[in-house]
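2 protein chains.
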Amino acid sequence: MKKIVIIGYGPAGATAALYLKRYGLEPLVIGKDLGALEGYNDVVENYYGHPQPIVGSKLIQAGVDQIKNFGIEVITDSVISLKQGETGFVISTTKQTFESETVLLATGKTRQTLNIPGFKKFRGKGISLCATCDGYFYRRKKLAIVGCGLYMQHELEYLNRVSQDVTVFTHGNELQCDVENPVITDKIIGFKGDEKISHLVTEKGEYPIDGVFIALGVPSSIDFASQLGVIVEGNNITVDEKYQTNIEGLFAAGDIIGGKLQIAKAVHDGMMVADTIYTYLKNK
Amino acid sequence: MKKIVIIGYGPAGATAALYLKRYGLEPLVIGKDLGALEGYNDVVENYYGHPQPIVGSKLIQAGVDQIKNFGIEVITDSVISLKQGETGFVISTTKQTFESETVLLATGKTRQTLNIPGFKKFRGKGISLCATCDGYFYRRKKLAIVGCGLYMQHELEYLNRVSQDVTVFTHGNELQCDVENPVITDKIIGFKGDEKISHLVTEKGEYPIDGVFIALGVPSSIDFASQLGVIVEGNNITVDEKYQTNIEGLFAAGDIIGGKLQIAKAVHDGMMVADTIYTYLKNK
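Taken in sequence, the protein lines are chains V and C.
Quick note: the first sequence uses the numbering used here, first residue 3, plus one each step.
Quick note: the second sequence uses the numbering used here, first residue 3, plus one each step.
Now the structure itself:
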């Protein structure tokens, strides 16, 4: 029986592991194959401590190297089920099964993509999945944001800071929030351009555009957590002030609990949850 | 008149600058000569994203390079006064004077040192200023903690996690908190050893020791803030949930507002305060 298994080795999981190891515990960290991190090729400029911009996947690799160098046990595998056992949790990966008194969910969120011609081509060349991350590079440009709900509204708020020309495209969905920007509800059927994106194409017309931000709902890898009966609001796992879910001994941190989807926030979560997990195990 | 001047370019100040620049503002950052960072030679292992341990002063240099590379104006000088002007704040360095609508205090805390023979020699070789940072390296060792108040009590709590042999030395002061560890109130007159520390010497005896942690009160560089009438509790500037002090337009973040004295926390503060400063300026 392990004391603590951490699922996910991004910023939140790795930081929690560093602090827990320092507290004298021996965390086991399980993370997905880094080769699968194709979606993390965005450049990170706003995480403190790197004079030059760093590609997301390289930062994650650096974090994994960091915890390995610190003597923390790391397993690269996919968790396929998480169940409550008699005295703790049973974590099954594709190859092994572990038992642990506590579990930290730090899997991050998988960002949604669009299966529309041109999406892959212009991803990173005019199409972005994060307004807070990339909006700055499109200031005073002609922008589109694709989405219809609260997540879109939140990203739009930031885009409105950097440009006065932002159009909302709901991609065939009904608008589920209030916005003051122009709204087009037609379905998107393509993105056009040469090196960079120049037009967004809907069923009914073409729109000249400098940048497109996708904010279609941020589906998360919380399926097995939901199966356990964890309370989920929107796409976020609900935790208390100790980062504990409604299930005793099951903690969550990082993007998966919502708030700012920023590395600085995930790292802070990781540090804080290490403290509460340590205290939980001590008082048990 | 500038919109925002940030005093201090450690983790909190630099991160706030990155985010404010992204929000379309042009922060001016004023920080001390990096040559003066002698006290930052401790190795940082628990800040996410660095596979190898990094020396504190190098991390700060990396952060300064990062904000300069991002096009942020950085001035290396010491702030000697901060006053309220008719429409904002007047910031004077040794060479220049600036006016700004808002100010962010992110100067960190100057860690106290001891003017005792052997202190400098064994600093980093058995003498540490941060239990949370270095305690792990002294697990199951014979430890001393020097201090008498709440800060010592807080650091002691962590040391008790890693060792069952921690003695409190109040260095001639009266103990101002409850501890269960052995307490020695005699004045410390020296530290002895060869390569590493081996003994702590008081007026009345010698004590074999593997590590000494100094926690004598963390005096902070908040003198000019106090002069402005900023509310200070203990050694921390008091801020509200928006990181604003009791003086409108004057914000503070990082070690100087208390909480965990960790880089991850300071970086998180910097990200959060950038948001509230942006909102403050927009609504003004």
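Virtual Cβ for every residue (Gly too), placed ideally from N, Cα, C.
No experiment lies behind these values; they were computed from the predicted model shown.
{"Item": "CA-to-CA distance, residue 265(C) to residue 237(C), given in whole angstroms", "Value": "18 Å"}
{"Item": "DSSP beta-bridge partners of residue 125(C)", "Value": "129(C)"}
{"Item": "Local Cβ density within 10 Å of residue 281(V), reported as buried at 16 or more and exposed below that", "Value": "exposed"}
{"Item": "Member of 161(V), 244(V), 111(V) and 34(V) whose CA lies at the smallest distance from the CA of residue 258(V)", "Value": "111(V)"}
{"Item": "CB contact check: residue 193(C) to chain V, cutoff 8 Å", "Value": "no"}
{"Item": "Beta-carbon spacing of residue 53(V), residue 47(V) below 8 Å", "Value": "no"}
{"Item": "Where residue 54(V) meets chain C, residues with beta-carbon distance less than 9 Å", "Value": "67, 68 and 71"}
{"Item": "Cβ-based contacts, 7 Å cut-off: residues of the region 11-25 of chain V near chain D", "Value": "Annotation note: the requested chain D is absent from the structure, which comprises protein chains V and C."}
{"Item": "Check whether residue 185(V) and residue 204(V) have beta carbons under 8 Å apart", "Value": "no"}
{"Item": "Neighbouring residues, chain V, relative to residue 61(C) (Cβ below 8 Å)", "Value": "51"}
{"Item": "8 Å Cβ cutoff, residue 9(V) in contact with chain C", "Value": "no"}
{"Item": "Proximity below 8 Å, CB of residue 269(V) to CB of residue 50(C)", "Value": "yes"}
{"Item": "Chain C contact for residue 285(V) (CB, 8 Å cutoff)", "Value": "no"}
{"Item": "7 Å Cβ cut-off: residues of chain V touching residue 138(C)", "Value": "24"}
{"Item": "Three-state class that DSSP yields for residue 58(V) in the structure shown", "Value": "helix"}
{"Item": "Assigned secondary structure, residue 278(C) (DSSP; H/G/I helix, E/B strand, else coil)", "Value": "helix"}
{"Item": "Stretch pair the region 157-167 of chain V + the region 245-259 of chain V: three plus CB contacts closer than 8 Å", "Value": "no"}
{"Item": "Whole-angstrom distance between residue 87(C) and residue 121(C), CA atom to CA atom", "Value": "43 Å"}
{"Item": "Classification of residue 33(V) by the beta-carbon crowding that lies within 10 angstroms, buried from 16 upward", "Value": "buried"}
{"Item": "Counted within 10 angstroms of its Cβ, other Cβ atoms place residue 157(V) as buried (16 or more) or exposed", "Value": "buried"}
{"Item": "Per DSSP, the bridge partner or partners of residue 235(V)", "Value": "238(V)"}
{"Item": "Distance between beta carbons of residue 68(C) and residue 36(C), contact taken as under 8 Å", "Value": "The pair is not a contact, with the Cβ atoms about 14 Å apart (cut-off 8 Å)."}
{"Item": "Nearest residue (CA-CA) to residue 187(C), options 177(C), 193(C) and 181(C)", "Value": "177(C)"}
{"Item": "Where the alpha helix (DSSP H) containing residue 21(C) begins and where it ends", "Value": "13-24"}
{"Item": "Residue 156(V) at chain C interface by Cβ criterion, 8 Å", "Value": "no"}
{"Item": "Residue 104(C) versus residue 255(C): straight-line alpha-carbon distance, rounded", "Value": "13 Å"}
{"Item": "Assigned exposure category for residue 83(V) - 16 Cβ within 10 Å defines buried", "Value": "exposed"}
{"Item": "Residue 233(V) classed as buried or exposed, judged by whether at least 16 other C-beta atoms fall within 10 angstroms", "Value": "exposed"}
{"Item": "Sub-8 Å separation of residue 5(V) and residue 27(V) beta-carbons", "Value": "yes"}
{"Item": "Beta-carbon spacing of residue 58(C), residue 16(C) below 8 Å", "Value": "no"}
{"Item": "For residue 85(V), the nearest candidate out of 76(V), 79(V) and 95(V) (CA to CA)", "Value": "95(V)"}
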